[in-house]
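Student: Here the sequence shown is numbered in the numbering used here, starting from 93 and rising by one per residue.
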Amino acid sequence: MLKIEKLKVEVGGKEVLHGINLHLPRGKVHALMGPNGSGKTTLIMTVMGFSRYKVTQGRIYFKGKDITDLPVHERARMGIGLAFQRPPIVRGIKTRQLVEMCAGGREVDVEAIAGELNFTEFLDRDVNLGFSGGEMKRSELVQLMAQNPELVLLDEPESGVDLENISLLGRAINRLLERDLKPTEGKSLKELRAQRKKSALIITHTGHILQYVNADVGYVLIDGHIVCSGNPKEILRTVERYGYEECAKCLR
93 MLKIEKLKVE
103 VGGKEVLHGI
113 NLHLPRGKVH
123 ALMGPNGSGK
133 TTLIMTVMGF
143 SRYKVTQGRI
153 YFKGKDITDL
163 PVHERARMGI
173 GLAFQRPPIV
183 RGIKTRQLVE
193 MCAGGREVDV
203 EAIAGELNFT
213 EFLDRDVNLG
223 FSGGEMKRSE
233 LVQLMAQNPE
243 LVLLDEPESG
253 VDLENISLLG
263 RAINRLLERD
273 LKPTEGKSLK
283 ELRAQRKKSA
293 LIITHTGHIL
303 QYVNADVGYV
313 LIDGHIVCSG
323 NPKEILRTVE
333 RYGYEECAKC
343 LR
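What follows is the structure, given as structure tokens:
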């Protein structure tokens with residue numbers, strides 16, 4: 093579904109990503125880990141198409157189409173959705189209005205979607221105004237559920253969130269990814285997930301969200317380079333035991 097080839101990206105004239113290669117198949121969840129300042133957010137923002145992130149080399153493909161030069165709104169229309177690490181405050185726009193806009197003209201039950209995240213009471217407040225970290229993250233997920241994208245980009249969904257809310261967010265992410273699945277008698281959850289059509293790229297620094305969302309593949313990004321990939325739980329155990337410094341040795 094998502095293919096990134098030899099991607100180099102500059103921010104403010106400085107190269108941040110140095111030849112990134114990544115392939116995310118349909119129905120899979122990949123986790124991108126790494127220390128702060130390693131380029132994780134730059135990668136996800138570049139995939140979404142924000143103009144601040146300048147591609148100097150390489151290509152980005154979504155569902156087989158080259159989207160490297162497409163603007164944000166066209167990528168969103170194609171089925172790419174993003175939850176920000178630090179969502180902006182939008183005064184004068186009610187959260188309900190924004191959720192309806194995210195649906196792109198489709199009829200959605202805003203109350204029902206918000207209810208899945210215990211978020212109904214926030215719908216008539218200005219977007220993110222006075223929200224806690226956990227409330228902002230729930231707001232982002234309500235918007236994504238209304239958009240119902242095929243590719244979900246999550247930038248540190250557990251950042252600034254307590255453990256209770258991480259569990260709630262994790263369950264909501266799973267529901268979003270499995271939204272189009274229809275339970276079939278006799279099939280296990282694993283078998284159902286194998287039929288999943290939505291994909292996700294999850295950025296995480298701590299890895300806490302991976303206790304609630306099963307990732308198929310994990311990567312470690314350090315200084316703009318992917319230094320390793322493999323079983324995300326094994327990678328996380330190594331990081332928890334030795335820190336990202338152990339992964340950085342692969343660059344030397």
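Note that the Cβ used here is the ideal one computed from N, Cα and C, for glycine as well. Just so you know, these numbers come straight off a predicted model, no measurement behind them.
Tell me where the beta strand (DSSP E) around K321 begins and ends.
Tutor: Just to set this straight, residue 321 is Ser in the shown sequence, not Lys. Where S321 is concerned, the enclosing beta strand (DSSP E) stretches over H317 to G322.
Student: With a CB to CB cut of under 6 Å and the five nearest residues on each side skipped, what residues in its chain are close to K95?
Tutor: The answer, listed in chain order, is H115 and Y153.
Student: Please work out which residues of its chain come closer than 6 Å, Cβ to Cβ, to L244, disregarding the five sequence neighbours upstream and downstream, and give them in chain order.
Tutor: Here the sequence assigns Val to residue 244, which means Leu is not the residue at that position. Here the set comprises G173 and A292.
Student: Does the separation of the CB atoms of V234 and L209 fall below 7 Å?
Tutor: Yes.
Student: The beta strand (DSSP E) with L261 in it runs from where to where?
Tutor: Careful: L261 lies outside any beta strand (DSSP E), inside the alpha helix (DSSP H) at L255 to L269.
Student: Assign I181 to one of three DSSP states: helix, strand, or coil.
Tutor: I181: coil per DSSP, three-state reduction.
Student: Can you pull the DSSP bridge partners for T296?
Tutor: Answer is M125.
Student: Check whether the region 128-135 touches the region 305-315, counting contact only when three or more Cβ pairs, one atom from each stretch, lie closer than 8 Å.
Tutor: These segments touch.
Student: Between the region 102-109 and the region 134-141, can you find at least three pairs of beta-carbon atoms closer than 8 Å?
Tutor: These segments touch.
Student: Taking the beta strand (DSSP E) that K95 belongs to, which residues open and close that run?
Tutor: That run of the beta strand (DSSP E) goes L94 to V103.
Student: For G225, does the three-state DSSP call read helix, strand or coil?
Tutor: Residue state, collapsed to three classes: helix.
Student: Taking DSSP as the reference, what is the three-state secondary structure of G207?
Tutor: Correct three-state label for G207: helix.
Student: If V150 sits next to K98, beta carbons under 8 Å apart, how far is it from one beta carbon to the other, in whole angstroms?
Tutor: Note that residue 150 corresponds to Gly in the displayed sequence, not to Val. Indeed, because the Cβ distance is near 4 Å, the residues count as touching under 8 Å.
Student: Tell me, please, which residues DSSP counts as bridged to K106.
Tutor: V103, per the DSSP bridge assignment.
Student: Alpha carbon to alpha carbon, what distance is there between E338 and T296?
Tutor: The alpha-carbon atoms of T296 and E338 are separated by roughly 17 Å.
Student: Can you name the residues that DSSP bridges to L345?
Tutor: No statement about residue 345 is possible, as the shown extent of the chain runs from 93 to 344 and does not include it.
Student: So E102 and T148 are in contact, right, with Cβ under 8 Å, and what is the actual spacing, rounded?
Tutor: About 5 Å; that satisfies the 8 Å criterion.
Student: Taking the beta carbon of G141 as the centre, do at least 16 other beta carbons fall within 10 Å, making it buried, or is it exposed?
Tutor: G141 comes out buried.
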